[in-house]
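Asker: Protein chains in written order, with this note's numbering: chain A, 16 to 258; chain B, 16 to 258; chain C, 16 to 258. Would you mind keeping the following structure in view while I ask a few things?
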Amino acid sequence: MKFKSPPVNSLSLDFITEFCIGLEKLENNRECRGVIFTSAVPNIFSSGLDITEMCGKSMEHYAEFWRAVQEMWLRLYGSNMVTVAAVNGSSPAGGCLIALTCDYRIMVENPKFVIGLNEAQLGIVAPFWFKDTFVNTVGHRVAERSLQLGSLHSASEAHRLGLVDELVPEVKLQEKAAAVMAQWLALPDHARQLTKSMMRKAVLDRLVAHREEDVQNFVNFISKESIQKSLRMYMEMLKKKKR
Amino acid sequence: MKFKSPPVNSLSLDFITEFCIGLEKLENNRECRGVIFTSAVPNIFSSGLDITEMCGKSMEHYAEFWRAVQEMWLRLYGSNMVTVAAVNGSSPAGGCLIALTCDYRIMVENPKFVIGLNEAQLGIVAPFWFKDTFVNTVGHRVAERSLQLGSLHSASEAHRLGLVDELVPEVKLQEKAAAVMAQWLALPDHARQLTKSMMRKAVLDRLVAHREEDVQNFVNFISKESIQKSLRMYMEMLKKKKR
Amino acid sequence: MKFKSPPVNSLSLDFITEFCIGLEKLENNRECRGVIFTSAVPNIFSSGLDITEMCGKSMEHYAEFWRAVQEMWLRLYGSNMVTVAAVNGSSPAGGCLIALTCDYRIMVENPKFVIGLNEAQLGIVAPFWFKDTFVNTVGHRVAERSLQLGSLHSASEAHRLGLVDELVPEVKLQEKAAAVMAQWLALPDHARQLTKSMMRKAVLDRLVAHREEDVQNFVNFISKESIQKSLRMYMEMLKKKKR
Chain A
16 MKFKSPPVNS
26 LSLDFITEFC
36 IGLEKLENNR
46 ECRGVIFTSA
56 VPNIFSSGLD
66 ITEMCGKSME
76 HYAEFWRAVQ
86 EMWLRLYGSN
96 MVTVAAVNGS
106 SPAGGCLIAL
116 TCDYRIMVEN
126 PKFVIGLNEA
136 QLGIVAPFWF
146 KDTFVNTVGH
156 RVAERSLQLG
166 SLHSASEAHR
176 LGLVDELVPE
186 VKLQEKAAAV
196 MAQWLALPDH
206 ARQLTKSMMR
216 KAVLDRLVAH
226 REEDVQNFVN
236 FISKESIQKS
246 LRMYMEMLKK
256 KKR
Chain B
16 MKFKSPPVNS
26 LSLDFITEFC
36 IGLEKLENNR
46 ECRGVIFTSA
56 VPNIFSSGLD
66 ITEMCGKSME
76 HYAEFWRAVQ
86 EMWLRLYGSN
96 MVTVAAVNGS
106 SPAGGCLIAL
116 TCDYRIMVEN
126 PKFVIGLNEA
136 QLGIVAPFWF
146 KDTFVNTVGH
156 RVAERSLQLG
166 SLHSASEAHR
176 LGLVDELVPE
186 VKLQEKAAAV
196 MAQWLALPDH
206 ARQLTKSMMR
216 KAVLDRLVAH
226 REEDVQNFVN
236 FISKESIQKS
246 LRMYMEMLKK
256 KKR
Chain C
16 MKFKSPPVNS
26 LSLDFITEFC
36 IGLEKLENNR
46 ECRGVIFTSA
56 VPNIFSSGLD
66 ITEMCGKSME
76 HYAEFWRAVQ
86 EMWLRLYGSN
96 MVTVAAVNGS
106 SPAGGCLIAL
116 TCDYRIMVEN
126 PKFVIGLNEA
136 QLGIVAPFWF
146 KDTFVNTVGH
156 RVAERSLQLG
166 SLHSASEAHR
176 LGLVDELVPE
186 VKLQEKAAAV
196 MAQWLALPDH
206 ARQLTKSMMR
216 KAVLDRLVAH
226 REEDVQNFVN
236 FISKESIQKS
246 LRMYMEMLKK
256 KKR
């Protein structure tokens with residue numbers, strides 16, 4: 016599955032909705048046992064949640080957007096398919112989350128590519144299920160420090176911290192991702208799926224049990240004037256950067 | 016305690032029953048404060064649960080066998096004694112579990128010896144308490160990947176992942192195990208035991224609270240025709256290998 | 016904040032009470048966003064809880080002392096400020112706990128300085144919230160082994176285990192601590208504080224929910240004749256060492 020939503024594969028409501036529909040089709044297709052996520056846009060895997068969806072919109076819109084983000088995570092983290100992230104560009108915030116939900120993460124060893132849950136840098140807070148997914152991958156201490164600092168880690172640092180499993184040169188990425196997929200698909204589906212579910216169930220169940228509460232928290236938080244102001248400033252900064 | 020049940024120290028119902036009686040005696044013997052587990056069979060620590068106990072038998076037999084496996088784990092993981100695994104051979108599945116329950120794991124640095132919870136390779140799933148013991152030792156991420164792939168790790172890889180604490184040449188194994196035991200026995204029993212219990216209680220309590228449910232899950236799963244077929248094929252493969 | 020209670024910055028009831036008052040003032044001072052903890056006493060950060068408070072006193076005194084220790088931990092681990100430990104000397108038991116509650120730990124790379132939760136060496140047991148703080152920092156396996164052995168780790172070993180984040184030469188310590196503080200203060204307070212709280216809330220809530228029970232456990236345990244005897248022997252040993 017190739018993300019192709021230039022300029023930066025940001026996760027807009029439309030993008031996420033289409034993504035979830037695509038995932039559901041694959042999940043229900045008995046002939047599809049695994050999926051590799053990568054980007055068709057140079058230098059960026061995904062820039063994460065689209066800030067324009069969280070800025071200057073109605074409470075209803077924020078709620079709808081957040082339910083879509085939850086849905087995407089639930090489908091990805093709970094997928095029965097083998098999921099491999101072939102990270103061929105930077106991957107902040109929600110982009111990092113997509114990689115974190117996969118069974119295996121391969122990243123191009125380009126010193127310019129960064130990855131991390133940098134929400135704190137924007138003045139916002141990653142929800143508990145982003146955090147849980149992160150802790151399951153890198154452990155409590157690394158997550159605590161990285162989340163508080165909103166760190167974006169270079170590929171080599173991400174590898175050292177266990178945030179990605181393997182680094183490869185860009186030309187080897189697709190070949191490597193296919194080899195990893197073949198290795199995981201060699202296992203009997205049934206045993207692999209039950210094992211995956213056993214490992215992730217507690218964290219998945221936690222969001223399912225608190226889903227509406229989490230939507231309300233998000234809507235209340237994001238609609239605060241101070242947060243809106245931070246996001247507007249951040250978007251201004253991004254625009255200036257581009258010029 | 017030397018495992019001597021050739022050819023591969025497989026954990027049959029008889030073996031486990033005797034093992035538990037032996038453990039209970041040591042546990043109740045005030046003069047015995049620690050135990051070292053090792054193998055008297057060359058090249059194998061223990062091959063894990065005896066597949067013949069799980070194949071072509073009655074539901075009652077499966078239930079009896081599983082209760083014995085639970086009992087063994089509860090005694091080992093909850094032992095008040097200092098327990099050291101001197102792993103002098105390969106140690107898949109249940110053999111790895113015995114090592115994981117110990118306070119310290121030393122393995123012979125022989126590139127032919129492997130260790131891991133490889134249940135998924137056989138088309139079966141490690142129960143949640145195998146998983147909990149594994150996560151407590153190597154962390155969530157390593158466990159998730161290793162369990163899904165049913166990985167058997169070489170001694171050096173097992174050391175790198177934290178699955179074993181130390182590697183030694185075969186000739187040094189008993190000497191090293193004795194030295195580790197002496198180090199642990201130097202602590203006041205009471206404080207060490209309370210600390211051990213504090214670290215392991217949550218995981219032990221979880222099985223105790225769900226013991227009969229876990230037996231039923233196992234019996235239902237293992238008696239499925241598809242699983243029985245997988246196990247028969249696996250046994251055929253093992254027989255062919257031997258010839 | 017410089018600990019200055021010679022000879023070894025031991026955490027007496029008076030020291031802890033004053034420390035908590037100081038912390039509360041800083042916490043309520045809107046101009047104070049961070050605090051660096053270090054020692055004004057050469058070669059020692061803090062020797063931990065004052066054993067004289069736990070030996071030969073009344074049950075009421077033990078209870079009062081323990082409530083103060085709980086209070087100190089709740090304030091430190093739950094602080095909204097950025098907290099940095101500049102560990103410029105040995106830091107056993109309660110001294111290590113103070114470091115563990117911080118957002119970042121820098122230690123002087125002096126082979127004579129040791130750090131760890133060595134309670135088991137004294138025949139006593141670290142309470143569950145010391146353990147939880149430790150597990151959150153170094154993971155379950157390292158904590159299990161280190162707590163059972165009552166290990167005091169050299170600075171370099173502590174760094175390897177993740178018990179401290181960074182080692183520096185003594186002359187660079189204050190400069191480094193200030194640089195780390197500046198890095199953490201660069202984040203928006205609100206987002207950083209909410210993130211910190213999200214990471215630590217489960218562990219903080221656990222003590223709050225069991226606070227009186229934990230006091231009773233401590234009082235019952237510490238007032239046992241066998242424990243009192245261990246502590247008296249330990250104090251005798253310390254006195255002899257000094258002569």
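Beta carbons are placed, not taken as given, at the ideal position from N, Cα and C, and that holds for glycine. Note that the coordinates shown come from a computational prediction; the quantities given were computed from them, not determined experimentally.
(1) Grouping DSSP H, G and I as helix and E and B as strand, with all else coil, what is histidine 168 of chain B?
(2) Using only the alpha-carbon positions, how far apart do phenylalanine 80 of chain A and glutamate 68 of chain A sit?
(3) First and last residue of the beta strand (DSSP E) that includes isoleucine 51 of chain A?
(4) Quick one: is lysine 256 of chain A buried, meaning 16 or more other Cβ sit within 10 Å of its Cβ, or exposed?
(5) Looking only at its chain, what residues have a beta carbon closer than 8 angstroms to the beta carbon of lysine 19 of chain C, apart from the 5 residues adjacent to it on each side?
(6) Give the residues of chain C in contact with arginine 207 of chain B, contact being defined as C-beta atoms less than 7 angstroms apart.
(7) Does the beta-carbon of leucine 137 of chain A have 16 or more other beta-carbons within 10 angstroms, so that it is buried, or is it exposed?
(8) Indicate whether valine 102 of chain C and methionine 122 of chain C have their beta-carbon atoms separated by less than 7 angstroms.
(9) For histidine 174 of chain B, which option in B:Gly110, B:Met74, B:Arg120 has the closest C-alpha, if you only look at C-alpha atoms?
(10) Indicate the three-state DSSP secondary structure (helix, strand or coil) for leucine 26 of chain B in the structure shown.
(11) So which residues of chain C does histidine 155 of chain A contact, with C-beta pairs closer than 9 angstroms?
(12) Three or more beta-carbon pairs under 8 angstroms between the region 184 to 202 of chain B and the region 150 to 168 of chain B, yes or no?
(13) Can you grab the Cα-Cα spacing for the pair isoleucine 51 of chain A / glutamate 185 of chain A, in whole Å?
(14) On the DSSP bridge assignment, give the partners of arginine 120 of chain C in chain order.
(15) Could you give the DSSP three-state label for valine 129 of chain C: helix, strand or coil?
(16) Let's see if you can read the secondary structure: which residues bound the beta strand (DSSP E) around valine 183 of chain A?
(17) Just list the beta strand (DSSP E) runs in the region 180 to 229 of chain A, keeping only unbroken ones of 3 residues or longer that don't cross its boundaries, in chain order.
(18) Cβ atoms of serine 105 of chain B and isoleucine 59 of chain B: under 7 angstroms apart, would you say?
(19) Name, going along the chain, the residues of the region 61 to 91 of chain B whose beta-carbon falls closer than 7 angstroms to a beta-carbon of chain C.
(20) Measuring CB atoms only, is the region 235 to 247 of chain B touching the region 25 to 42 of chain C, in the sense that at least three cross pairs come out at less than 8 angstroms?
(21) Give me the DSSP bridge partner(s) of phenylalanine 18 of chain A.
(22) For a cutoff of 7 angstroms on Cβ pairs, would you count isoleucine 237 of chain A as touching chain C?
(23) Below 7 angstroms between beta carbons: does that hold for alanine 135 of chain A and leucine 202 of chain C?
(24) Whose C-beta lies closer than 6 angstroms to the C-beta of glycine 109 of chain B among residues of the same chain, with five residues either side of it excluded?
(25) If you drop the 5 nearest sequence neighbours on each side, which residues of the same chain put their C-beta closer than 8 angstroms to that of proline 142 of chain A?
(26) Consider the Cβ of isoleucine 139 of chain B: report whether some Cβ of chain A lies at a distance smaller than 7 angstroms.
(27) Just to confirm the assignment, what range does the alpha helix (DSSP H) spanning aspartate 147 of chain A have?
(28) Specify the secondary structure class of leucine 178 of chain B as computed by DSSP and reduced to three states.
(29) Give me the subset of the region 172 to 195 of chain B whose CB atoms are less than 7 angstroms from a CB atom of chain C, sorted by chain position.
(30) Helix, strand or coil for glycine 37 of chain A, going by three-state DSSP, please let me know.
(31) Does any CB atom of chain A fall closer than 7 angstroms to the CB of lysine 251 of chain B?
(32) Would the beta-carbon of asparagine 133 of chain A fall within 7 angstroms of that of glycine 177 of chain A?
(33) Output the distance between the C-alpha atoms of lysine 211 of chain B and asparagine 95 of chain B, rounded to the nearest integer angstrom.
(34) With the cut-off set at 7 angstroms, would you say alanine 83 of chain A and glutamate 124 of chain A are in Cβ contact?
Answerer: In short, the structure shows the following:
(1) Along the second sequence, read from residue 1 onward, the residue named residue 168 of chain B stands at position 153. It is a strand residue.
(2) Here residue 80 of chain A corresponds to residue number 65 of the first sequence, with the count starting at 1. Here residue 68 of chain A corresponds to residue number 53 of the first sequence, with the count starting at 1. The alpha-carbon atoms of phenylalanine 80 of chain A and glutamate 68 of chain A are separated by roughly 7 angstroms.
(3) As a position in the first sequence, residue 51 of chain A is number 36, starting the count at 1. Here the beta strand (DSSP E) through isoleucine 51 of chain A covers 49 to 54.
(4) The count along the first sequence starts at 1 and reaches residue 256 of chain A at position 241. So lysine 256 of chain A ends up on the exposed side.
(5) Position 4 of the third sequence, counted from the start, is the residue given in the question as residue 19 of chain C. Excluding positions up to five away in sequence, the list reads Ser54, Ala55, Val56.
(6) By one-based count along the second sequence, residue 207 of chain B stands at place 192. Per Cβ cutoff of 7 angstroms: Ala135, Gln163.
(7) Position 122 of the first sequence, counted from the start, is the residue given in the question as residue 137 of chain A. Per the 10 Å Cβ criterion, buried.
(8) Here the question's residue 102 of chain C lines up with position 87 in the third sequence. Here the question's residue 122 of chain C lines up with position 107 in the third sequence. For valine 102 of chain C and methionine 122 of chain C, yes; Cβs fall inside 7 angstroms.
(9) To locate residue 174 of chain B, count along the second sequence from 1; it is residue 159. Considering only B:Gly110, B:Met74, B:Arg120, the residue with the shortest C-alpha distance to histidine 174 of chain B is B:Arg120.
(10) For this step, residue 26 of chain B is matched to residue 11 along the second sequence. Of the three classes helix, strand and coil, the one that applies to leucine 26 of chain B here is strand, per DSSP.
(11) Here residue 155 of chain A refers to the residue found at position 140 when the first sequence is read from its first residue. Within chain C, the C-beta atoms nearer than 9 angstroms to that of histidine 155 of chain A come from Val150, Asn151, Thr152, Gly154, Met214, in chain order.
(12) No, the region 184 to 202 of chain B is not in contact with the region 150 to 168 of chain B.
(13) Stepping through the first sequence from its first residue, residue 51 of chain A is reached at position 36. Stepping through the first sequence from its first residue, residue 185 of chain A is reached at position 170. Put simply, the backbone Cα of isoleucine 51 of chain A is about 15 angstroms away from that of glutamate 185 of chain A.
(14) As a working mapping, residue 120 of chain C is identified with position 105 in the third sequence. Per DSSP, C:Ala100.
(15) If you number the third sequence from 1, residue 129 of chain C lands on position 114. In the three-state scheme derived from DSSP, where H, G and I count as helix and E and B as strand, valine 129 of chain C is classed as strand.
(16) What you label residue 183 of chain A is simply residue 168 of the first sequence in a count that begins at 1. Unbroken beta strand (DSSP E) run through valine 183 of chain A: 181 to 183.
(17) If we require 3 residues or more, the beta strand (DSSP E) runs fully inside the region 180 to 229 of chain A come out as 181 to 183.
(18) Walking along the second sequence from the start, residue 59 of chain B turns up at place 44. Walking along the second sequence from the start, residue 105 of chain B turns up at place 90. Yes, Cβ-Cβ distance for isoleucine 59 of chain B and serine 105 of chain B is below 7 angstroms.
(19) The residues in question: there are none.
(20) Using a Cβ-Cβ distance cut-off of 8 angstroms, the region 235 to 247 of chain B and the region 25 to 42 of chain C are not in contact, since fewer than three pairs of beta carbons, one from each stretch, lie closer than that value.
(21) For this step, residue 18 of chain A is matched to residue 3 along the first sequence. Phenylalanine 18 of chain A is bridged to A:Ser54.
(22) Locating residue 237 of chain A in the first sequence gives position 222, where the first residue counts as 1. By this cut-off, isoleucine 237 of chain A is not an interface position.
(23) For the purposes of this step, residue 135 of chain A is identified with residue 120 of the first sequence, where counting begins at 1. For the purposes of this step, residue 202 of chain C is identified with residue 187 of the third sequence, where counting begins at 1. Closer than 7 angstroms, so yes.
(24) Along the second sequence, one-based indexing puts residue 109 of chain B at 94. Leu26, Gly63, Leu64.
(25) Counting from one through the first sequence, the residue named residue 142 of chain A turns up at place 127. In its chain, beyond the 5 residues on either side, Asp229, Asn232, Phe233 have a beta carbon closer than 8 angstroms to the beta carbon of proline 142 of chain A.
(26) The sequence position of residue 139 of chain B within the second sequence is 124, counting from 1. Yes, its Cβ sits closer than 7 angstroms to a Cβ of chain A.
(27) Stepping through the first sequence from its first residue, residue 147 of chain A is reached at position 132. For aspartate 147 of chain A, the uninterrupted alpha helix (DSSP H) run begins and ends at 143 to 153, by DSSP.
(28) By 1-based counting over the second sequence, the position of residue 178 of chain B is 163. Here leucine 178 of chain B sits in coil by DSSP.
(29) Those residues of the region 172 to 195 of chain B that come within reach of chain C (Cβ to Cβ, closer than 7 angstroms) are Gly177.
(30) In the first sequence, residue 37 of chain A corresponds to position 22, counting from 1. Helix, per DSSP.
(31) On the second sequence, position 236 is the one that residue 251 of chain B refers to. Reading the sequence as shown, one finds glutamate at residue 251 of chain B and not lysine. Cβ-Cβ to chain A under 7 angstroms: no for glutamate 251 of chain B.
(32) Sequence index remark: in the first sequence, residue 133 of chain A carries index 118 (1-based). Sequence index remark: in the first sequence, residue 177 of chain A carries index 162 (1-based). Not closer than 7 angstroms, so no.
(33) On the second sequence, residue 211 of chain B is found 196 positions in, with the first residue counted as 1. On the second sequence, residue 95 of chain B is found 80 positions in, with the first residue counted as 1. The straight-line gap from Cα to Cα measures roughly 8 angstroms.
(34) Along the first sequence, read from residue 1 onward, the residue named residue 83 of chain A stands at position 68. Along the first sequence, read from residue 1 onward, the residue named residue 124 of chain A stands at position 109. In this structure, glutamate 124 of chain A does not lie closer than 7 angstroms to alanine 83 of chain A by Cβ.
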